[in-house]
Amino acid sequence: MAHTRGPRRVGVVGYGRLGQSLVSHLLAQGPELGLELVFVWNRDPGRMAGSVPPSLQLQNLAALGERHPDLVVEVAHPKIIHESGAQILHHANLLVGSPSALADQTTEQQLLEASHHWDHAVFVARGALWGTEDITRLDAAGGLQSLRVTMATHPDGFRLEGPLAAAHSTGPRTVLYEGPVRGLCPFAPRNSNTMAAAALAAPSLGFDRVIGVLVADLSLTDMHVVDVELRGPPGPTGRSFAVHTHRENPAEPGAVTGSATVTAFWRSLLRCCQLPSSPGIHLC
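Our numbering puts the first residue of the sequence shown at 145, with every later residue one more than the last.
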C-alpha cells in the first residue's frame, strides 16, 4: 500500500445504524471517491440479509485478511477492539468507532505495539466531540488545566452495564456518573465515546484526568446534548482562559448515535483515507 495515497479497500465491522449508513455511502459514493467496499461483518449475520450483497458478507472476522483491506472500520462495540484490534492491524489500518475501548490500558498498549510492528495506523473517529483540534493544540502548548465533558440524553438512549445498569433516574434530571473518564467507559461503553475522544485529544490529562459526566434527562426525548468545558492555568491577573461549547445533536428516541454523529463519522472515514499511514493513534 502506498503511504501517500492512503487506504482504498475498506471493510466495515458492525452493521447497526452507523454501519448501515457507512455501507450505504460506500456503495453509492465509494467508486467515485476511489473507495471500494470489500467486506461487511456483523455479529448477527442475519441482519445483513437482503441489504448487503452476499459477496461482501464476511462470515468469519478472523478471515478478513483474505479480502486484502487497506482500512477496517469498527462500528460495532468496544469488545471488537479488545478482542480483535491488534489482529486487524496485522492486515490494515484501523478506524476505531468505539474509542471507549482505549480506556483499557492493556488494549491501548496492544494496539500501539501492533501498529508499530505492522506499520499500520490506528485512527480514532472524533464522533460528537466539537473542537477536537483546538483541544489538542491547547494541550500541546501546555495551556490546558482541566477538561470536562457532559453528555445528557433521555434514559432510553443509554446502554449501561455493571453498577450503572442499576442506576435509576430520581427526577427530571439525574447525574448517573461524574468522575474520570477511565472509570466510566467500562460501564457505559456505547455512551462514553465522546468523552474518550476528549481524553485522547488531551494526552496531558488523558483518561484519568478528563472528567466525564453522564446525565439522564427526561426532557431530552429527541436529542443528545454534549457540553465541553475546558480551562487553562491562571494568568498574571489570576484569571484563566476558558471555553464552553454546547452541542445539541438530534437523535431518534432511544438511539445511541445522534444524526450529526453519523455524518461526522463519514467525514472521519474520508479524512483518514487521505492521511499518511503512520504508526500510532491519531484522531480524525
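Note that beta-carbon positions come from the ideal geometry of N, C-alpha and C, so glycine has one too.
Owing to the predicted nature of the structure, the values given are computational and were not obtained by experimental measurement.
Just to confirm before moving on: does the CB-CB distance between residue i and residue j stay below 7 Å?
i, j, result
"V266", "G241", "no"
"L255", "G271", "no"
"R303", "V387", "no"
"G155", "F183", "yes"
"L273", "T338", "yes"
"P316", "L362", "yes"
"V293", "V372", "yes"
"L374", "G356", "no"
"A341", "L308", "no"
"S403", "S336", "no"
"L205", "W185", "yes"
Tell me the rounded alpha-carbon separation between residue i and residue j.
i, j, result
"V354", "P380", "25 Å"
"L246", "L162", "20 Å"
"P151", "C417", "The predicted position of P151 is uncertain, since its pLDDT is 47 and thus under 50; a value taken from the coordinates is nonetheless stated next. Rounded to whole angstroms, P151 to C417 spans 5 Å at the Cα level."
"H171", "Q201", "Checking the sequence shown, residue 171 turns out to be Leu, not His. Distance between the alpha carbons of L171 and Q201 is about 13 Å."
"V217", "T405", "15 Å"
"A346", "G194", "43 Å"
"L419", "V359", "36 Å"
"D283", "C428", "17 Å"
"L413", "N237", "11 Å"
"L349", "I225", "23 Å"
"P330", "L181", "31 Å"
"T389", "L344", "18 Å"
"S422", "L320", "38 Å"
"Q164", "T318", "32 Å"
"I425", "M192", "30 Å"
"M145", "L239", "Residue confidence for M145 is low, a pLDDT of 40 falling below 50, so the modelled location carries little weight; the figure read from the coordinates is stated next. Cα to Cα, the separation comes out at about 16 Å."
"H147", "H264", "Low confidence applies to H147: its pLDDT is 42, below 50, so where it sits in the model is not reliable enough to give any reading."
"P189", "H221", "15 Å"
"D276", "G323", "Contrary to the premise, residue 276 reads as Thr rather than Asp in this sequence. Cα to Cα, the separation comes out at about 21 Å."
"V325", "L291", "11 Å"
"G160", "F385", "40 Å"
"T251", "K223", "10 Å"
"F409", "Q249", "24 Å"
"G286", "L179", "39 Å"
"R391", "L208", "37 Å"
"R415", "T407", "12 Å"
"S259", "G382", "43 Å"
"E305", "I279", "29 Å"
"H261", "E227", "18 Å"
First and last residue of the alpha helix (DSSP H) that includes residue i?
i, result
"D352", "350-353"
"L282", "276-284"
"V406", "403-418"
"G229", "222-235"
"H260", "249-262"
"A309", "306-309"
Could you please give the first and the last residue of the uninterrupted beta strand (DSSP E) stretch that includes residue i?
i, result
"E176", "Careful: E176 lies outside any beta strand (DSSP E), inside the alpha helix (DSSP H) at 161-177."
"T294", "290-297"
"T495", "Nothing can be reported for residue 495: it is not among the residues displayed for the chain, which extend from 145 to 428."
"R153", "153-157"
"E180", "180-185"
"P378", "367-378"
"P215", "According to the sequence as given, residue 215 is Leu; it is not Pro. Taken as a continuous stretch (DSSP letters only), the beta strand (DSSP E) holding L215 covers 215-218."
"L427", "424-427"
"F267", "265-268"
With a threshold of 7 Å between beta carbons, is residue i in contact with chain D?
i, result
"G350", "Looking for chain D here will not work: only one protein chain is present."
Between the stretch 207-215 and the stretch 166-175, do three or more beta carbon pairs fall short of 8 Å?
Flag = no, the stretch 207-215 and the stretch 166-175 do not touch.
If you scan the stretch 318-342 from start to end, which runs of the alpha helix (DSSP H) of 4 or more residues do you find wholly inside it?
Positions of the alpha helix (DSSP H) runs, each at least 4 residues long and wholly inside the stretch 318-342, are given as 325-328 in order along the chain.
With three or more beta-carbon pairs closer than 8 Å as the criterion, would you say the stretch 231-239 touches the stretch 289-304?
No, they do not touch.
Contact between the stretch 311-318 and the stretch 366-376: three or more CB pairs below 8 Å?
Flag = no, the stretch 311-318 and the stretch 366-376 do not touch.
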